[in-house]
Amino acid sequence: MANSPISISNSIINPQNQEHKISLKVMRLSRGGIAPSTSPSFDPLDLMSIEKSFQFDANHRLPLSEYLLAPIQFENIFLGETFSFLVNCVNESEERLKEVAVKVELQTATQRIQLNCGLNIPSLESLASKADVISHEVKEAGQHILVCSVTYQTETGENLFMRKFFKFPVNKPMDVKTKLYNAEENAGFDVFLEAQIENTSGVEMRLERVWMDAAPSYTAIPLQPQPLPATLALKGEVLQVVFGLRAKTGAAVGEMTKIGRLDMEWRTRMGERGRLQTSHLDRLVPGRGDLTLKIESVPSSFESQKIFPVQCTLLNCCDHSLDLSLRFDPLVSPSLVFCSPSGIVLGQIPPRGTSSFTIHLLPVNLGFQSISGIRVTDKFLKRTYEFDDIAQIFV
Numbered sequence: 015m016a017n018s019p020i021s022i023s024n025s026i027i028n029p030q031n032q033e034h035k036i037s038l039k040v041m042r043l044s045r046g047g048i049a050p051s052t053s054p055s056f057d058p059l060d061l062m063s064i065e066k067s068f069q070f071d072a073n074h075r076l077p078l079s080e081y082l083l084a085p086i087q088f089e090n091i092f093l094g095e096t097f098s099f100l101v102n103c104v105n106e107s108e109e110r111l112k113e114v115a116v117k118v119e120l121q122t123a124t125q126r127i128q129l130n131c132g133l134n135i136p137s138l139e140s141l142a143s144k145a146d147v148i149s150h151e152v153k154e155a156g157q158h159i160l161v162c163s164v165t166y167q168t169e170t171g172e173n174l175f176m177r178k179f180f181k182f183p184v185n186k187p188m189d190v191k192t193k194l195y196n197a198e199e200n201a202g203f204d205v206f207l208e209a210q211i212e213n214t215s216g217v218e219m220r221l222e223r224v225w226m227d228a229a230p231s232y233t234a235i236p237l238q239p240q241p242l243p244a245t246l247a248l249k250g251e252v253l254q255v256v257f258g259l260r261a262k263t264g265a266a267v268g269e270m271t272k273i274g275r276l277d278m279e280w281r282t283r284m285g286e287r288g289r290l291q292t293s294h295l296d297r298l299v300p301g302r303g304d305l306t307l308k309i310e311s312v313p314s315s316f317e318s319q320k321i322f323p324v325q326c327t328l329l330n331c332c333d334h335s336l337d338l339s340l341r342f343d344p345l346v347s348p349s350l351v352f353c354s355p356s357g358i359v360l361g362q363i364p365p366r367g368t369s370s371f372t373i374h375l376l377p378v379n380l381g382f383q384s385i386s387g388i389r390v391t392d393k394f395l396k397r398t399y400e401f402d403d404i405a406q407i408f409v
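Start counting the sequence shown at 15; every next residue gets the next number (the working numbering).
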């Protein structure tokens, strides 16, 4: 770790404008960088290496390696990183100071955060110093102000107060664009989440983990290889990830609008870790009505004149029980003949409950055929629910 000073924008001392007996310095703790080497290095204490000359062809490439370089300026702080800094309090007077206390506050555009500082010194001798390391996870972009306040008492019993301000910006390391696709009957998922993550930091970074923190009503499954490819993403590069989300059985329709958050973890070139989490992602739930029919399994293709099964599930989306019966309308889809008995009783389904059944169909025509003609009647309300074009098969 290396120290890089934070620029001071302003300092306020006591009303008498007298010179303070104590000084306060704030330095960021950051990792160094890698710099290229342009010439061979030698040890000045090695006299043999100084006397020797090195002759080589102009086309000969020297095996020069990079070397570690300490930071010489205050580098960028990115949203999601941990900001660590050193607060150093020095008694520059010739007298002993008492009751030295340092308070550190971080101000953003929306809030003030009191940071935990351990500099509460009962007695600070002349030319002595005390320091403390403070860490804070940055959760907001924009201008930040670090406010450091010092109170102390002189030998004569005079109480003095000093305050310093340190300004620094916080930038967004990446841009995240999300798209949601409703796919109720596609591969057993209710919705697909597509996310495009673009590196906007200007520095090399490696995305170590991208996962979906699903809401309680959903189960998320990544549809890309895990773990992610271990490649460094340069500025402007985009990584695309896709998640499939499946609604849990019994989830209320009102709870299905929020699908969860997208979490990302990364490291920059020198290993600094960062983490970001998007806000809650919302979806527009398609109108389900009082009753929803879901296809659990159906073959994508089948031979003509051979019976095949279709497994179905009914979901009661209303707030009262339904007493249902099942029948078929053969005139809606003449290319598929229903081979299951019509008029069977499914029984009562409680609110948010389900009922499963299997129908058997016989294809008589070739090509793409649509499954239609399923009719479900509620005996209480005398209402019939019609389900057409619920799936397609190739005969």
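Just so it is clear, CB atoms sit at the ideal spot from N, CA and C, and this is done for glycine as well.
- request: Thinking GLU106 and ILE36 are a contact (beta carbons under 8 Å), I'd like their distance in whole angstroms, please.
  value: Counting from one through the sequence shown, the residue named residue 106 turns up at place 92. Counting from one through the sequence shown, the residue named residue 36 turns up at place 22. The pair is a contact, with the Cβ atoms about 7 Å apart (cut-off 8 Å).
Can you tell me where the beta strand (DSSP E) holding ASN173 begins and where it ends? The residue labelled residue 173 in the question sits at position 159 within the sequence shown. Unbroken beta strand (DSSP E) run through ASN173: 173-185.
Ordered along the chain, which non-local residues of its own chain (more than five positions away) have a Cβ less than 6 Å from that of LEU290? As a position in the sequence shown, residue 290 is number 276, starting the count at 1. Same-chain partners within the cutoff: GLY94 and MET278.
Enumerate, from N- to C-terminal direction, the unbroken beta strand (DSSP E) stretches of 3 or more residues contained entirely within the stretch 282-334.
287-291, 305-311 and 322-330
Checklist line | Cβ pair ILE407, GLN383 closer than 8 Å | finding: As a working note, residue 407 is residue 393 in the sequence shown. As a working note, residue 383 is residue 369 in the sequence shown. Contact check for ILE407 against GLN383 passes: the beta carbons are separated by less than 8 Å.
Enumerate in chain order the residues of its own chain whose CB-to-CB distance from ALA155 is below 8 Å, with the five nearest sequence positions on each side excluded.
By 1-based counting over the sequence shown, the position of residue 155 is 141. Same-chain partners within the cutoff: LEU93, VAL184, ASN185 and LYS186.
**Message:** If you follow the beta strand (DSSP E) that GLU95 is in, where does it begin and where does it stop?
**Reply:** On the sequence shown, position 81 is the one that residue 95 refers to. Neither: GLU95 is in no beta strand (DSSP E) and is coded neither H nor E.
- Assigned secondary structure, PRO136 (DSSP; H/G/I helix, E/B strand, else coil): Position 122 of the sequence shown, counted from the start, is the residue given in the question as residue 136. DSSP places PRO136 in strand when its eight states are reduced to three.
By the 10 Å Cβ neighbour count, where 16 or more other Cβ atoms means buried, how is HIS294 classified, buried or exposed? On the sequence shown, residue 294 is found 280 positions in, with the first residue counted as 1. Per the 10 Å Cβ criterion, exposed.
| So, is ASN200 buried or exposed, given that buried needs 16 or more other C-beta atoms within 10 angstroms? | Indexing the sequence shown from 1 puts residue 200 at position 186. The pLDDT assigned to ASN200 is 47, lower than 50, so where the model puts this residue is not dependable; a value taken from the coordinates is nonetheless given after this. By the 10 Å Cβ count, ASN200 comes out exposed.
Open item on the list: Quick check: the Cα distance between LEU395 and ASP304, rounded to an integer number of angstroms?
Closed with: For this step, residue 395 is matched to residue 381 along the sequence shown. For this step, residue 304 is matched to residue 290 along the sequence shown. LEU395 and ASP304: Cα-Cα distance of roughly 12 Å.
Let's test the definition: count the other Cβ atoms within 10 Å of the Cβ of ASN330 and tell me whether it reaches 16, buried, or not, exposed. Residue numbering aside, residue 330 sits at position 316 when the sequence shown is read from its first letter. When all chains shown are included, ASN330 counts as buried.
- How is PRO364 classed by DSSP in three states: helix, strand or coil? In the sequence shown, residue 364 corresponds to position 350, counting from 1. PRO364 falls in the coil class under three-state DSSP.
For this session: Check LYS131 in the structure and name its three-state DSSP category.
Result: Along the sequence shown, read from residue 1 onward, the residue named residue 131 stands at position 117. For clarity, residue 131 is Cys in the given sequence; the question names Lys instead. When secondary structure is reduced to three states using DSSP, CYS131 falls in the coil class, being assigned neither helix nor strand.
Excluding the five sequence neighbours on either side, which residues of its own chain have a C-beta within less than 6 Å of the C-beta of SER386, listed in chain order? Working through the sequence shown from its first residue, we reach residue 386 at position 372. Around SER386: VAL346, SER347, ASP402 and ASP403.
Candidates ASP333, CYS332, LEU328 and SER349: closest to SER339 by CA position | Numbered from its first residue, the sequence shown carries residue 339 at position 325. Cα-wise, what sits closest to SER339 is LEU328.
Hey, out of ASN173, GLY361 and VAL409, whose CA is closest to SER453's CA? Absent from the structure is residue 453, since the part of the chain shown begins at 15 and ends at 409.
Q. Can you pull the DSSP bridge partners for GLY274?
A. On the sequence shown, position 260 is the one that residue 274 refers to. Answer is ALA228 and LEU295, bridged to GLY274.
Original post:
Thinking C-alpha only, which one of LEU307, THR214 and LYS320 is nearest THR282?
Top reply: By one-based count along the sequence shown, residue 282 stands at place 268. It is THR214.
Rounded to the nearest angstrom, what separates VAL217 and HIS150 at their Cα positions? Locating residue 217 in the sequence shown gives position 203, counting from the first residue. Locating residue 150 in the sequence shown gives position 136, counting from the first residue. Rounded to the nearest whole angstrom, the C-alpha separation of VAL217 and HIS150 is 22 Å.
query = In three-state terms, what does DSSP make of VAL359?
reply = Residue numbering aside, residue 359 sits at position 345 when the sequence shown is read from its first letter. In the structure shown, VAL359 sits in a strand (DSSP, three-state: E or B).
Return the CA-CA distance between PHE316 and LEU237, expressed in angstroms with no decimal places. What you label residue 316 is simply residue 302 of the sequence shown in a count that begins at 1. What you label residue 237 is simply residue 223 of the sequence shown in a count that begins at 1. Annotation: PHE316 to LEU237 spans about 27 Å, alpha carbon to alpha carbon.
> Which word fits SER231, buried or exposed, when buried means at least 16 other C-beta atoms lie within 10 angstroms of its C-beta?
Replying inline: Start at 1 with the first residue of the sequence shown, and residue 231 comes out as number 217. Flag for SER231 reads buried.
* Can you give me the start and stop residues for the beta strand (DSSP E) that ASP403 sits inside? => As a first step, residue 403 is located in the sequence shown; it is residue number 389 there, counting from the start. Looking at the DSSP string, ASP403 is not in any beta strand (DSSP E), and its letter there is neither H nor E.
Handout entry: Paired residues, beta bridge with GLY250 - DSSP
Key = In the sequence shown, residue 250 corresponds to position 236, counting from 1. DSSP lists no partner for GLY250.
CA nearest to the CA of SER356, picked from VAL390, VAL116 and GLN125:
Within the sequence shown, the letter at position 342 stands for residue 356. Checked all of VAL390, VAL116 and GLN125; the closest Cα to SER356 is VAL390.
task: With a 10 Å radius around its C-beta and 16 neighbouring C-beta atoms as the bar for buried, classify SER318 as buried or exposed.
output: For the purposes of this step, residue 318 is taken as residue 304 along the sequence shown, with counting starting at 1. Its Cβ having fewer than 16 others within 10 Å, SER318 is exposed.
Once you ignore the five residues that flank GLU139 on each side, which residues in its own chain have a CB closer than 6 Å to its CB? Residue numbering aside, residue 139 sits at position 125 when the sequence shown is read from its first letter. So the qualifying residues of the chain are ARG110.
For VAL152, does the three-state DSSP call read helix, strand or coil?
Here residue 152 corresponds to residue number 138 of the sequence shown, with the count starting at 1. Under the three-state reduction of DSSP, VAL152 is assigned to coil, being neither helix nor strand.
| Given that a residue counts as buried once 16 or more other Cβ atoms are within 10 Å of its Cβ, and exposed if not, what is GLY285? | Locating residue 285 in the sequence shown gives position 271, counting from the first residue. Result: exposed.
Nearest-angstrom Cα separation, counted from PHE97 out to ARG220: Against the sequence shown, residue 220 aligns to sequence position 206. Against the sequence shown, residue 97 aligns to sequence position 83. Each residue's Cα considered, the two are about 19 Å apart.
Original post:
Along the chain, where does the beta strand (DSSP E) that runs through LYS262 open and close?
Top reply: One-based indexing of the sequence shown puts residue 262 at position 248. LYS262 -> no beta strand (DSSP E), and no H or E assigned at all.
| request: Tell me, please, which residues DSSP counts as bridged to HIS374. | output: Reading the sequence shown from its first residue, position 360 is the one you call residue 374. Per DSSP, PRO323.
- Start and end of the beta strand (DSSP E) containing ASP392? One-based indexing of the sequence shown puts residue 392 at position 378. Where ASP392 is concerned, the enclosing beta strand (DSSP E) stretches over 388-392.
* Would you decide whether ALA72 is buried or exposed? Buried here means 16 or more other CB atoms lie within 10 Å of its CB. => Counted from its first residue, the sequence shown places residue 72 at position 58. Only weak support is given to the placement of ALA72: the predicted model assigns it a pLDDT of 49, under 50, and the question is left unresolved by the model.
Check your understanding: Should ILE273 and LEU350 be called a contact, given that it needs their Cβ atoms to be closer than 8 Å?
Key -> Stepping through the sequence shown from its first residue, residue 273 is reached at position 259. Stepping through the sequence shown from its first residue, residue 350 is reached at position 336. Not a contact, by the Cβ cut-off of 8 Å.
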